[in-house]
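Top line first, the protein sequences correspond to chains A and B.
Throughout, our numbering is defined as the position within the first sequence, counted from one, plus 37.
Throughout, our numbering is defined as the position within the second sequence, counted from one, plus 37.
There are 2 protein chains.
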Amino acid sequence: MNPIISVFAVSPDRGSGLARDMAVRWALAEVGVTPELRPLSFAELQTPEHKARQPFGQIPAYEADGLTLFESGAIVLHIAENHPGLLPADRHGRARAIAWMFAAVSTLEPVVLDREYTAMLEGDRPWTPERLLMLDDRIRRRLADLATALADRPWLEGDFSAGDIMMICVLRRPPCRALLAEQPALAAYLARGEARPAFQAAFADQLARWQAASG
Amino acid sequence: MNPIISVFAVSPDRGSGLARDMAVRWALAEVGVTPELRPLSFAELQTPEHKARQPFGQIPAYEADGLTLFESGAIVLHIAENHPGLLPADRHGRARAIAWMFAAVSTLEPVVLDREYTAMLEGDRPWTPERLLMLDDRIRRRLADLATALADRPWLEGDFSAGDIMMICVLRRPPCRALLAEQPALAAYLARGEARPAFQAAFADQLARWQAASG
Chain A
38 MNPIISVFAV
48 SPDRGSGLAR
58 DMAVRWALAE
68 VGVTPELRPL
78 SFAELQTPEH
88 KARQPFGQIP
98 AYEADGLTLF
108 ESGAIVLHIA
118 ENHPGLLPAD
128 RHGRARAIAW
138 MFAAVSTLEP
148 VVLDREYTAM
158 LEGDRPWTPE
168 RLLMLDDRIR
178 RRLADLATAL
188 ADRPWLEGDF
198 SAGDIMMICV
208 LRRPPCRALL
218 AEQPALAAYL
228 ARGEARPAFQ
238 AAFADQLARW
248 QAASG
Chain B
38 MNPIISVFAV
48 SPDRGSGLAR
58 DMAVRWALAE
68 VGVTPELRPL
78 SFAELQTPEH
88 KARQPFGQIP
98 AYEADGLTLF
108 ESGAIVLHIA
118 ENHPGLLPAD
128 RHGRARAIAW
138 MFAAVSTLEP
148 VVLDREYTAM
158 LEGDRPWTPE
168 RLLMLDDRIR
178 RRLADLATAL
188 ADRPWLEGDF
198 SAGDIMMICV
208 LRRPPCRALL
218 AEQPALAAYL
228 ARGEARPAFQ
238 AAFADQLARW
248 QAASG
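Here it is as structure tokens:
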């Protein structure tokens, strides 16, 4: 049985691969597993049936072998623990790759999403131009620290890992990408990730589905 | 060798156990390990020496047996993987407890910190009262979903786990606690966590250190 991933029926990202199922699709493509998809409308996300899969009414949820799992970081970690190739073999490297997964969703992503939501939900408010400058500076500081940590290595911890999947999915978000001209090493890191055949395959699949669903 | 935890020399939380080392201290107390502490000033956090431990210049960092680790979620998971008692024994329960760890730091904590930072950094701005109402409603929706998921169980996934440590550390933050009168099941869950002897011991230790350091 292939795993079932709950996704947006018509993703608001318009096929740009910014919805949080992208990390899960990418990880599955890296290990050669093809998911089945459960497309859900915004109304369906808020039903008790979906919240039994994903308590906060979000996507993605993951179902396989009697396990129902939520949170893209936890799902990617579960995939990485059950297939070779997405975590370092040594115990210390493995722990550090997992640290980068948490850093992606807990230290970088929140400041990036805050910037996106402010532009999207409060774009017409008088205070927003001033707040956006402040929020961009907060992202800049995180990116500078990330660039220092990456240094001249190709990936964050040894070989390509689940930590890179989670981090690159955040770097792909527009507020990061807009600032990456200031951080050429991170721009190259992002490009390396997006050039991977598994990323390309997962991206093409979600784009094709968006095009089909949006008519 | 006991693990070394990097912490604030004088925590801005004034000993209320809201700094992110609290989850790590609590997890270590649950498994009977006493950490050594590396107290750092705000200036020391920004040095290359500390950023080699914690790339974003934050606390906590964790050092043990040649491993240097960062992100409280990753550190608590590492402790849980290397000591019995903080993760379900079955594979599916373990994955779901880890999902709650990610949910705590990636789905609940960001909206809570956003509320805290807005009140702290933008409290004097004309737009802030309106934004605080909006941010409180965002927290309310998350808490309602969490209460539904917890239902009438004592802990989020089987026995007490690392998922509860991470989630309860977020519920302890003032914007959550202020709203918990609306969610009695979560208030009781928080109280159960704080009543655990390991929580009490870790809390007392950080409070005593704050009192000593702040003179």
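All residues carry an ideal CB built from backbone N, CA and C; glycine is no exception.
request  = Rounded to whole angstroms, what's the CA-CA distance from A/VAL149 to A/SER143? Just pull it up for me.
outcome  = 11 Å
query = Roughly how far, in whole angstroms, is the beta-carbon of A/LEU114 from the beta-carbon of A/MET138, given that I think they are within contact range, below 8 Å?
reply = 6 Å
key: Cα-Cα separation, A/ARG209 to A/LEU55   = 7 Å
query = From the beta carbon of B/TRP164, is the nearest beta carbon of chain A less than 7 Å away?
reply = yes
request  = Could you spell out the range, first to last residue, of the beta strand (DSSP E) harbouring B/ILE42?
outcome  = 41-45
Segments of 4+ residues assigned as alpha helix (DSSP H) that fall wholly inside the segment 43-128 of chain B = 58-67, 79-82, 85-88, 109-119
task = Grab the span of the alpha helix (DSSP H) containing A/PRO37 for me, first residue to last.
result = Here chain A comprises residues numbered 38 to 252, so residue 37 of chain A is not present and cannot be evaluated.
task = Compute the Euclidean distance between the alpha carbons of A/ALA241 and A/ARG51, then round it to the nearest angstrom.
result = 13 Å
task = Name, please, each residue of chain B whose Cβ falls closer than 7 Å to the Cβ of A/ASP151.
result = ASP151
request  = Check the Cβ of A/LEU106 against every Cβ in chain B and list those closer than 7 Å, keeping chain order.
outcome  = ALA132, ARG133, ALA136
query = Over what stretch of residues does the alpha helix (DSSP H) that includes B/ALA249 continue unbroken?
reply = 234-250
query = Where B/ALA289 and A/SER109 are concerned, what is the direct C-alpha to C-alpha distance, given to the nearest angstrom?
reply = Summary: the structure shown does not reach residue 289 of chain B, with chain B confined to residues 38 through 252, and so no result is reported for it.
Straight-line gap, A/ILE116 to A/ASP201 (C-alpha atoms, nearest Å) = 14 Å
query = If you drop the 5 nearest sequence neighbours on each side, which residues of the same chain put their C-beta closer than 6 Å to that of A/LEU244?
reply = GLY52
task = Locate the alpha helix (DSSP H) running through B/LEU183, then write down its first and last residues.
result = 165-187
task = Verify the CB distance criterion: does B/ALA101 have a CB-CB separation below 7 Å to chain A?
result = no
task = Rounded to whole angstroms, what's the CA-CA distance from A/GLU194 to A/PRO125? Just pull it up for me.
result = 8 Å
message = Let me check understanding here. Comparing Cα to Cα, which of A/PRO147, A/HIS129, A/GLY122, A/LEU170 lies closest to B/GLU118?
response = A/HIS129
query = Is the beta carbon of A/ARG128 within less than 6 Å of some heavy atom of the ligand SAM?
reply = No copy of the ligand SAM appears in this structure; indeed no ligand is present at all.
ask   = Given A/HIS87, which residues of its chain have a CB within under 8 Å of its CB, disregarding the five upstream and five downstream residues?
value = SER43, LEU77, GLU81, GLY94, ALA98
ask   = Thinking C-beta only, is A/LEU172 closer than 7 Å to A/ARG152?
value = yes
inquiry  = Could you give the first and the last residue of the continuous alpha helix (DSSP H) run that contains A/MET203?
reply    = 199-208
request  = Return no unless some Cβ of chain A is closer than 7 Å to the Cβ of B/VAL142.
outcome  = yes
key: Beta-carbon separation (whole angstroms), A/VAL47 vs A/TRP247, contact threshold 8 Å   = 7 Å
key: Proximal residues to A/THR155 (C-beta, below 8 Å), its chain only, five neighbours per side dropped   = THR165, ARG168, LEU169, LEU172
task = Taking only beta carbons into account, state which residues of the segment 73-98 of chain B come closer than 7 Å to chain A, listed in chain order.
result = LYS88, PRO92, PHE93, GLY94
request  = Check whether the Cβ of A/ASP161 lies closer than 7 Å to any Cβ atom in chain B.
outcome  = no
query = Can you find a C-beta in chain B that's less than 7 Å from the C-beta of A/ASP182?
reply = yes
query = Using a C-beta cutoff of 7 Å, does B/HIS115 count as contacting chain A?
reply = yes
inquiry  = Below 8 Å on C-beta distance, what does A/ARG179 contact in chain B?
reply    = PHE93
task = Measuring only between beta-carbons, confirm whether A/ALA224 sits less than 7 Å from chain B.
result = no
Test: A/PHE45 CB closer than 7 Å to a CB of chain B = no
inquiry  = For B/LEU123 and B/CYS206, what's the separation of their Cα atoms in angstroms?
reply    = 15 Å
request  = Report the rounded CA-to-CA distance for B/MET59 versus A/ALA250, giving the unit in angstroms.
outcome  = 46 Å
inquiry  = Strictly under 7 Å for the Cβ-Cβ distance: is A/ALA186 near chain B by that measure?
reply    = yes
inquiry  = For B/GLU231 and B/PRO211, what's the separation of their Cα atoms in angstroms?
reply    = 15 Å
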